[in-house]
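In full-length UniProt numbering, the protein residues as written are 1 to 307.
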């Protein structure tokens, strides 16, 4: 009896060591990526959050606690920047999504020259955002660009003036540039999702007498819904934190009419040299985007559950 028990224990020991090795081995393979993520993402995040509790001057800094966050409550410029960010994000996302969805549906059908059209559609995504901003700023310039003259010829403007110089219309310049820049993202991702839908479902729906619109709403859209949610979430975060196009085209002007939160953060940190307040505003934007992402992820889970 004693011999049998000791034999069982000795047989169990190697298994325990093997189990520990099996549990540790994946983490060893992942360790380079984990170290990189900690160094590149987590450490700067912690440093940035710590800056939001300090007040920086030319030669020193001091701990102010929640003073920077209290200042934000009475900052009218930040309030306008939040409104501009909402306008910039919603307008850009709306047109990017629907135009990208239309292109994806078009490219999902066979036609002559489809490969050429795909290359042209996906081209804006490969252009650096800095170059896109410069190009669109030139296009809106009435001296060297055609767009103001086209708007004047169509009767949309009383004279061919620069859209970017008018506070009432300045935001539409970066929005148009961002729409052109971001359409390929939705076109690519939604086209890939369309390719994954079994063709038998559309054929069965057509045999049952479903119209094209019914096939789209009852077959295509439910399968696309999880992909739509995740792409909308990612693109919303990217647009809301995207300052390149706006800063290149308008630098937040005129009169702050195109100043979004990321632009305001940049100006506060590198022009006003107030890194503490810029960090506090960045933390506010981070919290808002995290709350938005959590809500959309919950929606996506419910959609996946019903598909």
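The C-beta atom is built at its ideal place from N, Cα and C for all residues, glycine as well.
Beta bridge pairing from DSSP links residue 61 with 56.
By the C-beta density criterion, residue 20 is exposed, having fewer than 16 other C-beta atoms within 10 angstroms.
Judged by their CB atoms, residue 133 and residue 177 are nearer to each other than the 8 Å cut-off.
Note that the segment 241-257 does not touch the segment 215-233; fewer than 3 beta-carbon pairs, one per stretch, sit closer than 8 Å. For the pair of segments examined, the segment 84-100 was found to touch the segment 248-263: the number of CB pairs separated by less than 8 Å reaches three. Residue 68 places its beta carbon less than 8 Å from that of residue 52. As the crow flies, the alpha-carbon of residue 25 is around 14 Å from that of residue 33. Residue 92 places its beta carbon less than 8 Å from that of residue 179. Looking at 159, 155, 130 and 154, the one whose alpha-carbon comes closest to that of residue 143 is 159. CA-CA distance, residue 183 to residue 23, rounds to 43 Å. Excluding residues up to 5 positions away in sequence, 139, 140 and 163 lie with their Cβ nearer than 8 Å to the Cβ of residue 147 in the same chain.
Boundaries cannot be given for residue 219, as no alpha helix (DSSP H) includes it and DSSP labels it neither H nor E.
Of the residues assessed, residue 167 falls on the exposed side of the cut-off, its CB having fewer than 16 other CB atoms within 10 angstroms. Boundaries cannot be given for residue 162, as no alpha helix (DSSP H) includes it and DSSP labels it neither H nor E. With the rule of 3 Cβ pairs closer than 8 Å, the segment 147-157 does not count as touching the segment 192-209. Classified as buried, residue 96 has 16 or more neighbouring CB atoms from the shown chains inside 10 Å of its CB. The residues 197, in chain order, have a CB closer than 6 Å to that of residue 223 in the same chain once the five nearest residues on each side in sequence are set aside. The C-beta separation of residue 248 from residue 130 comes to about 6 Å, placing the pair in contact by the 8 Å criterion.
Under the 8 Å Cβ criterion, the segment 54-62 does not count as touching the segment 282-296, having fewer than three qualifying pairs. In the structure shown, the three-state DSSP call for residue 211 is coil.
Counting along the chain, the unbroken alpha helix (DSSP H) around residue 124 starts and ends at 114-126.
Around the beta carbon of residue 31, fewer than 16 other beta carbons lie within 10 angstroms, which makes this residue exposed. Judged by DSSP in its simplified three-state form, residue 268 adopts helix. Where residue 106 is concerned, the enclosing alpha helix (DSSP H) starts and stops at 76-107. When DSSP states are grouped into helix, strand and coil, residue 22 belongs to the helix group.
Under the three-state reduction of DSSP output, residue 152 falls in the helix class. Note on geometry: alpha-carbon atoms of residue 272 and residue 237 lie some 26 Å from one another.
With 16 or more other Cβ atoms from the protein chains shown falling within 10 Å of its own Cβ, residue 239 counts as buried. With contacts defined by Cβ atoms closer than 8 Å, residue 114 and residue 103 do not form a contacting pair.
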